[in-house]
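Counting with mature numbering (1 follows the signal peptide of the UniProt record, and there is no 0), you get residues -24 to -1, 1 to 234 for the letters of the sequence shown. Everything below concerns the one structure shown next.
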Amino acid sequence: MFRRILYFLVYWLIHKAFSVYASSQNWISWGSNYLLNFLYHHHCSRDLIRRDTIKLNKKPRHLSVLLECHDNTGLEGLIHDTCELAAWCICSAIPELTIYERKGFLKRYPEAMEKAIYSHLPFYVGREKCVVQVRNSCSNNEKEQEVPKDLKVHLIAEEDGRDAIIDLTRGLADLATKKVITSEQVTQELIDKELTESVIPEPDLLIIFSPYLKLRGFPPWQLRLCEIFHDPVFTSPSYLSFYKALTRYSTAEMRLGH
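Take a look at the structure:
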């Protein structure tokens, strides 16, 4: 009986100690992020964002962001977050942005998303003219404008990864049936190349805004050489999380295997 009571007390003390430790870590993280948010607030100023990012050793040419649709903000929240990310990318001279939202709410309305970004940009760049192009997997590449773009935005969803595999399988089967290619020519390298180029160009950096580190259906063949940033504190985009991700990327070492 005494031994059972002793075991219970030891278990209770360990549980309480861990609870206190976890709570203190959460409070420290919350306090530090609150202070950093105050120190690194962009104030909708292109100059402040440029001042923060110009000192980085390197920046991604192609940034990808995984967003979630929250019940309290819905589609409007997704649109606002995308507009903010687009503005930060333009101010940081990042020319390409991919927004991944698993259910595909955003990718249904690329024209509306483009108008929303144009309406949001004056808060950051004033009257300066910026050229933005928003496209999804159904956009016609032949109709793309040839003028230089400040930002190119891709809207993708979970279905794009599945559709890419299905389309590639059908295409290869059709070519094999017509004797255009042989089964020996269908190699792993060919499939890898086609899948990599089918959805979006491979991003340099992926930021995951979620309590847990999950890709949620993001096409895995786009992430072979991609740096991934995840902080469970940030479940929705903020400038601090954006800047932290760029800082992490600027110090990352890319080691390619042979």
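Note that the Cβ used here is the ideal one computed from N, Cα and C, for glycine as well.
The segment 93 to 112 makes no contact with the segment 138 to 156: fewer than 3 CB pairs, one atom from each, lie closer than 8 Å. Relative to residue 182, the option among 163, 41, 79, 47 whose CA is nearest is 41. The Cβ-Cβ distance between residue 187 and residue 158 does not fall below 9 Å.
According to the DSSP assignment, residue 205 belongs to the beta strand (DSSP E) that extends over 203 to 206. Taken atom to atom, the span from the alpha-carbon of residue 27 to that of residue 89 is near 28 Å.
Shortest Cα-Cα distance from residue 107 to any of 51, -5, 61, 66 involves 66. By the C-beta criterion, the segment 57 to 72 is judged to be in contact with the segment 208 to 222, since at least 3 inter-stretch pairs fall below 8 Å. Looking at the backbone, the Cα of residue 82 and that of residue 230 are separated by about 32 Å. Comparing C-alpha distances from residue 147 to each of 166, -5, 131 shows the shortest one belongs to 166. Per the DSSP secondary-structure output, residue 66 pairs with nothing in a beta bridge.
Excluding five sequence positions before and after residue 222, the CB atoms of its chain that fall closer than 8 Å to its own CB belong to 29, 32, 35, 36, 68, 181, given in chain order. Annotation: residue 110 is outside any alpha helix (DSSP H); the continuous beta strand (DSSP E) that includes it extends over 108 to 112. For residue 128, the enclosing beta strand (DSSP E) has its first and last residue at 127 to 132. Proximity to residue 176 across 84, 112, 22 peaks at 112, based on C-alpha coordinates.
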